[in-house]
């Protein structure tokens, strides 16, 4: 249906290593949003992608929307301990609220 | 512009009591969403309201749970006859439109003894 999957569910990386999480859908997405939730905190909006093949950067974070608009990725270069948290993708819809299950990132100092 | 407000931040109830969770959306936002989150788990969508109307309640249990967003005042998530399994963090989010980003409140941590 309209669900979105995220992989991996968990990722443990050494500080300084790169990290990537993927958001996949079986149907075409109109647009995709990414959120971050720190441990003990609430989700915070990071970015929205709208166009096919779109790439956006925020410092060490790179967000990409697939050409077919069925998948998206979030890549973090040289992770830091401040990157710890759970990253959720959300497919936007007029009548349904659909968040992915999230990827939980742990960074080992 | 103040962010999304939720109160109380922490709520303790005994089994069988009622829990009322309040959410004041950001100014100008008419869309409100409620989520439940268990420790180490993802966000579970519960209900989506747009000023006095329930748009989607597919994630809300049919019994004991209800939500409203009156013309005046905050949105309320009401849980009647709470059970231990209701213990969770409940987040509210608001947005100006269905496709816009959602702004989340700090959450209400409900503990049922």
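Residue numbers (this note's numbering), protein chains in the order written: chain L, 312 to 420; chain V, 1318 to 1430.
Backbone N, C-alpha and C define an ideal beta-carbon position, used for all residues, glycine too.
Bear in mind the structure is a predicted one, so any value in this text is a computation, not a measurement.
Quick check: residue i and residue j, are their CB atoms within less than 8 Å of each other?
| i | j | result |
| --- | --- | --- |
| residue 1364/V | residue 1403/V | no |
| residue 1360/V | residue 1420/V | no |
| residue 347/L | residue 355/L | yes |
| residue 411/L | residue 349/L | no |
| residue 1323/V | residue 1423/V | yes |
| residue 393/L | residue 327/L | no |
| residue 1433/V | residue 1366/V | With chain V running from 1318 to 1430 in the structure shown, residue 1433/V is simply not present. |
| residue 443/L | residue 330/L | What is shown of chain L runs 312 to 420, which leaves residue 443/L out entirely. |
| residue 1341/V | residue 1378/V | no |
| residue 400/L | residue 317/L | yes |
| residue 1353/V | residue 1399/V | no |
If I'm right that residue i touches residue j with Cβ under 8 Å, what's the distance once you round it to whole angstroms?
| i | j | result |
| --- | --- | --- |
| residue 336/L | residue 402/L | 6 Å |
| residue 384/L | residue 333/L | 5 Å |
| residue 1373/V | residue 324/L | The Cβ separation is near 36 Å, so there is no contact. |
| residue 398/L | residue 345/L | 7 Å |
| residue 382/L | residue 359/L | Contact doesn't hold; Cβ gap of about 15 Å is too wide. |
| residue 1395/V | residue 1326/V | Their Cβ separation, rounded to whole angstroms, is 18 Å, which puts residue 1395/V and residue 1326/V out of contact at 8 Å. |
| residue 1328/V | residue 1393/V | Not quite, the Cβ-Cβ distance comes to about 13 Å (not below 8 Å), so this is no contact. |
Just to confirm, does residue i get its C-beta within under 7 Å of one of the non-hydrogen atoms of the ligand COA?
| i | result |
| --- | --- |
| residue 1322/V | In the structure shown, the ligand COA is absent, as is every other ligand, since no ligand is present at all. |
**Report entry** Cβ contact (3+ pairs, closer than 8 Å) linking the stretch 1412-1427 of chain V and the stretch 1335-1349 of chain V
**Finding:** yes
Report task. With 7 Å as the limit, tell me which residues of the stretch 385-397 of chain L have their beta carbon closer than that to any beta carbon of chain V; keep them in chain order. Result -> none
Query raised in the report: Would you call the stretch 375-383 of chain L and the stretch 1325-1339 of chain V touching, i.e. three or more CB-CB distances under 8 Å?
Result: no
**Report entry** Cβ contact check for the stretch 1380-1400 of chain V and the stretch 407-415 of chain L: 3 or more pairs under 8 Å
**Finding:** Counting C-beta pairs closer than 8 Å gives fewer than three between the stretch 1380-1400 of chain V and the stretch 407-415 of chain L, which falls short of the contact rule.
Query raised in the report: Using Cβ-Cβ distances below 7 Å, what residues of the stretch 356-370 of chain L are close to chain V?
Result: Answer set for the stretch 356-370 of chain L: 356 and 359.
Query raised in the report: Curious, which full-length beta strand (DSSP E) runs of at least 3 residues does the stretch 1338-1406 of chain V contain?
Result: 1348-1354, 1361-1367, 1370-1373, 1382-1385 and 1392-1396
Query - Within the stretch 375-413 of chain L, ranges of the beta strand (DSSP E) (whole runs, at least 3 residues) - result: Secondary structure in the stretch 375-413 of chain L: the beta strand (DSSP E) runs of 3 residues or longer, each lying completely within the stretch, are 382-387 and 396-402 in chain order.
Query raised in the report: For the stretch 322-346 of chain L, which residues have a beta carbon sitting closer than 9 Å to at least one beta carbon of chain V?
Result: 341, 342, 344 and 346
Requested in this report: Report the residues of the stretch 1337-1371 of chain V with a CB closer than 7 Å to any CB of chain L, ordered along the chain.
Outcome: 1350, 1359, 1360, 1362 and 1365
Query raised in the report: At a Cβ cut of 8 Å, what residues of the stretch 397-411 of chain L count as close to chain V, listed as they run along the chain?
Result: 397, 399, 401, 403, 404, 405, 406, 407, 408, 409, 410 and 411
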